[in-house]
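What follows is one structure encoded as structure tokens, with my remarks underneath.
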Amino acid sequence: MSGRILDGNKIRDEILKDLQKEIEDLRKGGINPGLTAVLVGDNPASQIYVRSKVKTCESLGLFSEKIEWPASTTTEQLLDLVDKLNHRDEVDGILIQLPLPPQVDTKKVLEAVDPAKDVDGFHPVNIGYLVSGRPGLVPCTPAGVIEIIKRSGVEMKGARAVVVGRSDIVGKPTAMLLMHNHATITICHSRTRDLPAVAREGDILVAAMGKAAYVTGDFIKPGAVVIDVGQNVLKTEEEVRRVFRDPTEALQKLAAKGSVLVGDVQPEDVREKAGAYTPVPGGVGPLTITMLMVNTVQAARARRGMRAQALTQS
Ligand code: GUN
1276 MSGRILDGNK IRDEILKDLQ KEIEDLRKGG INPGLTAVLV GDNPASQIYV
1326 RSKVKTCESL GLFSEKIEWP ASTTTEQLLD LVDKLNHRDE VDGILIQLPL
1376 PPQVDTKKVL EAVDPAKDVD GFHPVNIGYL VSGRPGLVPC TPAGVIEIIK
1426 RSGVEMKGAR AVVVGRSDIV GKPTAMLLMH NHATITICHS RTRDLPAVAR
1476 EGDILVAAMG KAAYVTGDFI KPGAVVIDVG QNVLKTEEEV RRVFRDPTEA
1526 LQKLAAKGSV LVGDVQPEDV REKAGAYTPV PGGVGPLTIT MLMVNTVQAA
1576 RARRGMRAQA LTQS
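Counted from 1, the sequence shown has number 1500 at position 225 by this note's numbering; the numbering is strictly sequential.
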């Protein structure tokens, strides 16, 4: 038996269609939401992410701008830039792409962003809103996880939800959102005693620890809904062979493209044991930028005293 695939690309298209309509309505009222992405240094992955974020803005007709600064940029220069962006009225969302270079005080820079423009949802004020269940800007990947679960008709109320991974960006906020949706939550991590047994309690299992194929069949309750947040790039034949039981297809992909993307869940095990699961690629990934767009529109509305649309309230 094979679990149902939760198609992130399809859910992204549904959300963007609704969002497009909202953007058109706002534009009729003279509002054009705008996002500024700040990229410091020359991290290749960050360059790809930022390009993709700006391109998605353009495809929706949103105002967007990319500010690229060299790897030698200081904390003070970034604080000055953030202050200017905070005061520019056409900028509704400010995104500081992470990681910042090592000499920069990342926390200080993120805390300088106006919480009303913090479309990543990383500012302590927004984290506080999230924990206490008040409306605010929610981190994009966790918001995407919840949209996939909701739009796939999976019941969160009363379910046991286990989140593996305790990062500030994914694990902790995802657990909070699951709890606000009335799931009973467990957050576990690499130090958890008998991690597979704890994970196996989950009717919903979210894998977000950033380790390729770490969650194997013995972590998965038969029939569970498994959401895989991992994005791990395999670059060698040895790595591919370590992850896949039958590596034939993955090795072909490696030969053709030079790399293979895998999640935090072992792909063959999840197909066999889960009732439903997000694949990698094509699961949670497409939702992250989508929710950034949703947050940018929400920030534009909220700054003008308008209520959030239903999608962004959870
Ligand atoms: N780097 C990796 N993921 C993210 C993210 O979600 N937001 C930002 N700003 N930087 C990232």
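Glycine included, each C-beta is placed from N, C-alpha and C at the ideal position.
DSSP state of residue i, grouped into three classes?
i: N1284; result: helix
i: D1380; result: coil
i: V1504; result: coil
i: L1567; result: helix
i: T1587; result: Interpretation of T1587 is limited by its pLDDT of 44, a score under 50 that renders its predicted location unreliable; no figure is taken from the coordinates.
i: L1509; result: strand
i: L1301; result: helix
i: R1520; result: coil
i: V1388; result: coil
i: R1582; result: coil
i: R1363; result: coil
i: I1290; result: helix
i: I1323; result: helix
i: L1529; result: helix
i: P1374; result: coil
i: L1335; result: helix
To the nearest whole angstrom, what separates the beta carbons of residue i and residue j, a pair I think is in contact under 8 Å?
i: D1358; j: A1387; result: 7 Å
i: F1494; j: R1475; result: 6 Å
i: R1520; j: E1547; result: Rounded, the Cβ-Cβ distance is 10 Å, inconsistent with contact.
i: I1460; j: V1438; result: 7 Å
i: V1329; j: L1353; result: Not a contact, Cβ separation roughly 19 Å.
i: G1278; j: G1560; result: About 18 Å separates the two Cβ atoms, so there is no contact after all.
i: L1310; j: S1339; result: 5 Å
i: I1369; j: V1394; result: 7 Å
i: L1480; j: A1499; result: 5 Å
i: D1539; j: M1484; result: 6 Å
i: G1408; j: N1401; result: Not really, about 13 Å apart at Cβ, beyond 8 Å.
i: V1429; j: A1551; result: 7 Å
i: R1441; j: H1464; result: 5 Å
i: I1423; j: I1502; result: 7 Å
i: T1350; j: D1380; result: 5 Å
i: G1505; j: V1555; result: 6 Å
i: L1301; j: P1308; result: 7 Å
Provide the residue(s) that pair with residue i in DSSP beta bridges, ordered along the chain.
i: L1353; result: Its beta-bridge partners do not exist; DSSP assigns none.
i: G1368; result: L1310
i: I1342; result: V1313
i: I1479; result: A1436 and V1500
i: V1490; result: V1540
i: R1576; result: The partner list for R1576 (beta bridge, DSSP) is empty, contrary to what the question assumes.
i: R1279; result: A1551
Is residue i close to the ligand ADP? I mean its beta-carbon at under 7 Å from any heavy atom of the ligand.
i: Q1322; result: Among the ligands modelled here, namely the ligand GUN, the ligand ADP does not occur.
Segments of 4+ residues assigned as alpha helix (DSSP H) that fall wholly inside the segment 1390 to 1469: 1399 to 1406, 1415 to 1426 and 1446 to 1455
Just list the alpha helix (DSSP H) runs in the segment 1535 to 1565, keeping only unbroken ones of 4 residues or longer that don't cross its boundaries, in chain order. 1542 to 1548
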